[in-house]
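Input: a single structure, listed below in structure tokens.
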Amino acid sequence: MHVKSMHTDLDIPFSATESPILQHVIHGIKRFHREKDHKPKQPITLSVLKDILAQLKPETTPGHKVVYAACCVAFTGLLQCGEFTAKSVDKKFSLTFQLLQASVQFLPSFEATEQVILFLSASKTDPFHKGISICLTTAPRKLTCPVAALKSLFTESDGTAHNSAWPLFPSPDDPTKPITWSFFISTICKALSAAGYNPSLFAGHSFRCGGASTAAAAGCSDVSHQLYKLDQTRIATHTSVDQYTRRSKDVWNEQEQT
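Read in the UniProt record's numbering, the sequence shown has 176 at position 176, and its numbers run on one by one without any break.
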């Protein structure tokens, strides 16, 4: 799929794969190595997101306020968890590849925020580090509002200091370091289990998949463009966008009922 997408983007013929000899080679490789069962991960839809958030205790459990905000932002901003978490606590913190507190702009003001501009300076799918500005709009009185969740990180009353050069989603143990992938995933898995879901059916990209499905089902025509801006070229081109907006009608009907 990756190779075919590259050929398509560069307008290069991909007819070589239709060669009978190559097809026999591929068939032989599959027979020798055994083709694994492909079980696509499920999207985190709006209803699933609400169930996850309901299991979190942001006011009492360390780290849950950060995870809560990260979930809302990932869903609305179509982010993968690898774009706002660190691989480990020992890995050196990079100002280039992490979302910082300085990456957030509250408009028109922090006190009367209507939207947030989130600047993602780089990611693994952005090799040239062009960066992208993601607009998050407020959803008044909604548990999933990304703006309210982000504002809570800047107004917490536990005496934690803030620094524009610190990570936006900090570790519960050290505010100068970003939250780790393992902590975020383990917290989400526990919340999914507590809500009655099988955590193995979901993955780090389930937030982006669910957010895209929701936007597409709501009639948002900018989904493909947003995914493309996030440099998910292999997803945002041609019919591959269906992978991230699958079952959009069912998702929207489900949300309309909740």
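Yeah, the Cβ is synthetic: ideal placement off N, Cα and C, and Gly gets one too.
- For the 9 Å CB-CB criterion, Phe-154 and Gln-105 do not form a contact.
- Of the residues His-33, Phe-84 and Glu-59, the one whose Cα lies closest to the Cα of Lys-177 is Phe-84.
- Residue pairing by DSSP places Val-104 opposite Leu-118 in a beta bridge.
- The alpha-carbon of Pro-62 is positioned some 6 Å away from that of Pro-172.
- One alpha carbon belongs to Pro-175, the other to Leu-118, and they sit about 19 Å apart.
- Rounded to whole angstroms, the separation of the alpha carbons of Val-147 and Ser-109 is 12 Å.
- In the structure shown, Leu-136 adopts extended strand secondary structure according to DSSP, grouped into three states.
- Its Cα nearest to that of Phe-75, the residue Ile-44 stands out among Leu-22, Ile-44 and Tyr-197.
- Taking each of Asn-198, Ala-215 and Ile-185 in turn and checking the Cα distance to Gln-80, the smallest one comes out for Ile-185.
- Just so you know, the alpha carbons of Ile-134 and Ala-69 end up roughly 15 Å apart.
- As far as DSSP is concerned, Pro-199 takes part in no beta bridge.
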